[in-house]
Amino acid sequence: MTFNEPWALSGFAYDDGVFAPGRCSSWVNRQCRAGNSATEPYIVAHHLLLSHAAAVQVYREKYQTTQDGMIGITLFTFWWMDPLTYAYGQYPRRVKDLVGDRLPKLTDEETHCLENRMIFLDYNTILRIMQNQMLHLIQIMLDTRLIAALLKLAYSPWFYIFPKGIRHLLNYTKDTYDNPVIFITENGVDRYNNESLTPEQVMKDKFRIDYYREHMWHALVGFDGEYNVNLKGYFAWSYLDNFEWNIGYTSRFGLYYVDYNDDLKRSPKNSALWFTDFLKPLVPNKITKTTSKGSRRVGKYYIM
Numbered sequence: 005m006t007f008n009e010p011w012a013l014s015g016f017a018y019d020d021g022v023f024a025p026g027r028c029s030s031w032v033n034r035q036c037r038a039g040n041s042a043t044e045p046y047i048v049a050h051h052l053l054l055s056h057a058a059a060v061q062v063y064r065e066k067y068q069t070t071q072d073g074m075i076g077i078t079l080f081t082f083w084w085m086d087p088l089t090y091a092y093g094q095y096p097r098r099v100k101d102l103v104g105d106r107l108p109k110l111t112d113e114e115t116h117c118l119e120n121r122m123i124f125l126d127y128n129t130i131l132r133i134m135q136n137q138m139l140h141l142i143q144i145m146l147d148t149r150l151i152a153a154l155l156k157l158a159y160s161p162w163f164y165i166f167p168k169g170i171r172h173l174l175n176y177t178k179d180t181y182d183n184p185v186i187f188i189t190e191n192g193v194d195r196y197n198n199e200s201l202t203p204e205q206v207m208k209d210k211f212r213i214d215y216y217r218e219h220m221w222h223a224l225v226g227f228d229g230e231y232n233v234n235l236k237g238y239f240a241w242s243y244l245d246n247f248e249w250n251i252g253y254t255s256r257f258g259l260y261y262v263d264y265n266d267d268l269k270r271s272p273k274n275s276a277l278w279f280t281d282f283l284k285p286l287v288p289n290k291i292t293k294t295t296s297k298g299s300r301r302v303g304k305y306y307i308m
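Position one of the sequence shown corresponds to residue 5 (the numbering used here), numbered consecutively onward.
In structure tokens form, the structure reads like this:
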């Protein structure tokens with residue numbers, strides 16, 4: 005994986021100025037002392053894509069044959085993908101129309117360098133993608149209160165829960181980008197770290213079990229159904245409760261509870277126990293092989 009969520013660097017660091025190096029226009033964030041939110045995010049994104057392409061080329065030439073491996077990028081929105089595919093090789097027309105001259109131009113050499121540089125594609129937290137692309141349309145017709153009534157909301161304010169969206173997204177990606185290899189590298193749900201609750205109460209996280217069950221079901225329908233999406237792996241976010249960027253320890257994503265008041269003691273939540281049972285092969289004769297990397301193949305599904 006060359007980059008994990010490059011949009012976060014270009015957007016949060018050079019548009020909003022909330023991540024290092026904290027550059028943005030003062031009309032976006034008064035705390036910024038330097039930067040240009042109208043141009044710098046696109047310049048950064050442009051060069052992140054070019055550096056990804058360069059890394060892929062080096063890997064192909066020097067390491068792929070001997071390692072028999074893959075290299076990919078974790079993306080969040082579709083406009084990053086178009087330049088990396090033979091079918092497009094350029095930024096989407098909508099991006100060009102909206103950004104205009106502020107969008108760096110791809111030279112013929114850069115286009116050639118970028119084409120077919122998406123050996124495999126990673127998706128992080130599918131709900132965010134669906135929120136960005138679906139909720140904008142909903143907001144044209146509905147106010148925020150009605151959206152919250154229609155879709156379940158996690159703790160993070162950007163996080164609406166829409167399990168069916170993961171299947172639609174996988175199907176769309178197959179149809180639009182020539183069925184690339186896909187790994188879902190982050191998918192999970194958070195809750196507010198309510199310190200008035202006991203650890204035992206927090207670990208009864210049925211909402212998280214429901215979340216994973218519903219999302220994996222829709223992912224497997226896209227993978228094993230009529231669409232036959234080229235989905236190769238699924239990673240839960242997250243194994244442990246963690247420091248969640250700018251909301252810190254107020255959010256809990258983990259399958260395992262971390263007690264911040266007891267030397268970071270870790271205990272499995274009910275969702276971790278559910279996952280353990282889920283990963284146990286229910287039909288032993290479906291286990292066909294164990295790979296050198298430790299993943300198991302159960303039927304046609306890789307469990308990592």
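Where a beta carbon is used, it is the ideal one built from N, C-alpha and C, also for glycine.
- For the 8 Å CB-CB criterion, Thr78 and Phe166 do not form a contact.
- Burial check for Lys273: the Cβ neighbour count within 10 Å reaches 16 or more, so the residue is buried.
- In the three-state reduction of the DSSP assignment, Asp209 falls in the coil class.
- Ile75 sits in coil when the DSSP states are folded into three classes, being neither helix nor strand.
- Of the residues assessed, Ala240 falls on the buried side of the cut-off, its CB having 16 or more other CB atoms within 10 angstroms.
- The three-state reading of DSSP puts Ser271 in strand, counting E and B together.
- At a Cβ-Cβ threshold of 8 Å, Ala38 and Arg27 count as neighbours.
- Note on Thr111: under 16 other CB atoms within 10 angstroms of its CB, so exposed under the neighbour-count rule.
- Between the C-alpha atoms of Asn234 and Gly104 there is a straight-line separation of about 35 Å.
- The secondary-structure analysis by DSSP pairs Tyr159 with nothing; it has no beta-bridge partner.
- Between Ala49 and Pro10, the beta carbon gap of about 7 Å places them in contact (Cβ cut-off 8 Å).
- Distances from the CA of Thr202 to each of Ala58, Tyr63, Val262 were compared; the closest alpha carbon is that of Val262.
- A direct Cα-to-Cα measurement between Asn40 and His219 gives close to 39 Å.
- Closest option to Ser275, judged by alpha-carbon separation, among Trp249, Leu54, Leu283: Leu283.
- Each of Asn265, Tyr260, Ala59, Asn246 was checked against the Cα of Arg212, and the nearest Cα belongs to Tyr260.
- Residues of the same chain with a CB within less than 8 Å of the CB of Thr115, apart from the 5 flanking positions on each side, are Pro87, Gly93, Gln94 in chain order.
- For the options Arg97, Thr280, Phe247, Met5, the alpha carbon positioned closest to that of Leu268 is the one of Phe247.
- Burial of Pro45 is indicated by the presence of at least 16 other C-beta atoms within 10 angstroms of its C-beta.
- Annotated as distal: Ser255 and Met207, with beta-carbon spacing of 8 Å or more.
- Apart from the 5 residues on each side of it in sequence, Pro108 sits with its Cβ closer than 7 Å to the Cβ of Tyr46, Ile47, His50 in its chain, given in chain order.
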